Amino acid sequence: MKNILFLICIFTFVPFVGYSFDEKQLLRFKVIKMCNNCDLSSSTLSKTDLNDSIISDTDFSNSRLDKVNFHKSKFKNTNFENSNLEAINFSKSDMNNLNFSDAKLKKANLEGINSNSLIFSNSTISFANFSGSIFKNSEFINIIFLETNINNTKFLNSKFKNTVIKDQFLENISFIKSDMDLMNFELAEVNNMKIENSSLIGANLKSAKFSNSKIINTNMEGTVLTDAKITNTDLIGVNLKGANLENATLSNVDLTNSNLEQVNIINLKLEGVIFCNTVMPSGIRNDQC
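Heads up, our numbering is the position in the sequence shown plus 38, with the first residue counted as 1.
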C-alpha cells in the first residue's frame with residue numbers, strides 16, 4: 039500500500055513536459071532547410087542559420103526565433119503569430135500570406151523583401167529595418183513603427199488602422215491604393231513620398247514637413263495639417279474638405295483639381311501656390327489656370 043502511494047505522489051508532482059511541434063520535422067528542417075505542412079509551433083530555433091529556406095503551410099506560432107537567419111528564403115502560408123522574432127533576418131526574402139500578429143519584431147531585418155498578404159496586428163515593431171521592401175495587400179493594425187526604417191518602401195493596396203509613424207525621417211516611400219485613414223504622421227519629416235489613389239481621412243499630419251512629394255487623387259478630408267510645412271509638392275485631385283491648415287505653410291504647391299471647401303485657413307501662409315480648377319474654402323471654384 040505504501041509503495042502504491044509513493045508512486046501516486048511521484049506522478050502527481052513530477053511536471054509533464056510536452057511539445058506542440060513535431061521534433062522529427064524540426065530536426066529535418068534544420069538539415070534540409072525545407073518545410074511543407076510542418077507544425078513547428080512552440081519550437082525554439084534561436085540563432086539558427088536557415089538562409090535560403092523554402093517554407094510553406096507551416097506553423098511557427100508561439101516560437102522562439104530570435105536571431106534566426108532566414109536571408110533569401112521563400113515563405114508561403116506561414117504563421118508567426120505570438121512569436122519572438124527579435125533580431126531575426128528576413129532580408130531579401132519572398133513572402134506570401136504570412137501572419138505576424140502579436141509577434142515581437144524588435145530589431146528585425148525585413149530589408150528588401152517582396153511580399154503579398156502579410157498581417158501585422160498588435161505586433162511590436164521597433165528599431166527594425168523594413169527599407170527597400172514591397173508590401174502588397176497587407177494589413178498593419180494597431181502598429182507603432184518606433185525608430186524603424188521604412189525608407190524606399192512601397193505599400194500597394196494595403197490597409198493601415200491605428201498606425202503611428204510619427205517624429206521620423208521618411209524618404210522615397212510610396213502608398214498606392216491604400217487605406218490610411220487616421221494614420222499618424224505627426225512631426226514626421228517627409229521627402230519624396232508618393233501617395234496615390236488612397237484614403238487619408240482624418241489623418242494626423244500636425245507639424246509634419248513634406249517636401250518634393252506627390253499626393254494624387256487621394257481623399258484627405260478632415261486631415262489635421264496644423265503647423266505643417268509643405269514645399270515643392272503636388273496635391274493634385276486631392277479632397278481636403280474640412281481639413282485644418284491653421285498656421286500651416288504651403289510653398290510651391292500645386293493644388294490643381296483639389297477641393298479646399300470648408301478648410302480652416304487661419305494664419306495659413308501661401309507662396310507660389312497653383313490654384314487651377316480648385317474649389318476654394320468658400321466653395322467657389324477657381325478656374326484660372
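C-beta: ideal position from N, C-alpha, C; glycine also.
Treat the numbers as computed from the prediction; the structure is a model and nothing was measured.
Answer yes or no: do S111 and I126 have a C-beta to C-beta separation smaller than 8 Å?
-> no
Cβ of L208 within 8 Å of Cβ of I188?
-> yes
Helix, strand or coil at F198 [DSSP, three-state] = strand
Residues near S169 by beta carbon distance below 7 Å, same chain, minus five either side | Sequence-distant Cβ neighbours of S169 in its own chain, meaning closer than 7 Å and more than five residues away, are E149, N187, I188, N189, N190 and T191.
Every unbroken beta strand (DSSP E) within the stretch 250 to 294, with a cutoff of 3 residues, ordered by chain = Contiguous beta strand (DSSP E) elements confined to the stretch 250 to 294 occur at 252 to 254, 267 to 274 and 287 to 292, taking only those with 3 or more residues.
Supposed close pair T261, A241 - CB separation, criterion 8 Å = 5 Å
Looking at C-alpha atoms only, which residue of N315, D132, S164 and K232 is the closest neighbour of N154?
-> D132
Which full runs of the beta strand (DSSP E) of 3+ residues lie inside the stretch 58 to 140, going along the chain?
-> The stretch 58 to 140 contains these whole beta strand (DSSP E) runs: 72 to 74, 92 to 97, 112 to 117 and 132 to 137.
Counterpart residues of N187 in DSSP-defined beta bridges | N167
By DSSP, does N210 sit in helix, in strand, or in coil?
-> coil
In whole angstroms, what is the alpha-carbon distance linking K114 and N89?
-> 15 Å
Evaluate S388 with the Cβ neighbour count: other Cβ atoms within 10 Å of its Cβ, from every protein chain shown; 16 or more gives buried, anything less gives exposed.
-> Nothing about residue 388 can be read from this structure; the chain reaches only from 39 to 327.
E234 in three-state terms, based on DSSP = strand
Confirm, please, whether the CB-CB distance from F108 to F128 is below 8 Å.
-> yes
Could you give the residue range of the beta strand (DSSP E) that holds S153?
-> Secondary structure note for S153: its beta strand (DSSP E) is the uninterrupted segment N152 to S159.
DSSP-derived helix/strand/coil call for I322 = Coil at I322, not helix or strand.
Just how far apart, CA to CA, sit N135 and R323?
-> 46 Å
Quick one: is S171 buried, meaning 16 or more other Cβ sit within 10 Å of its Cβ, or exposed?
-> buried
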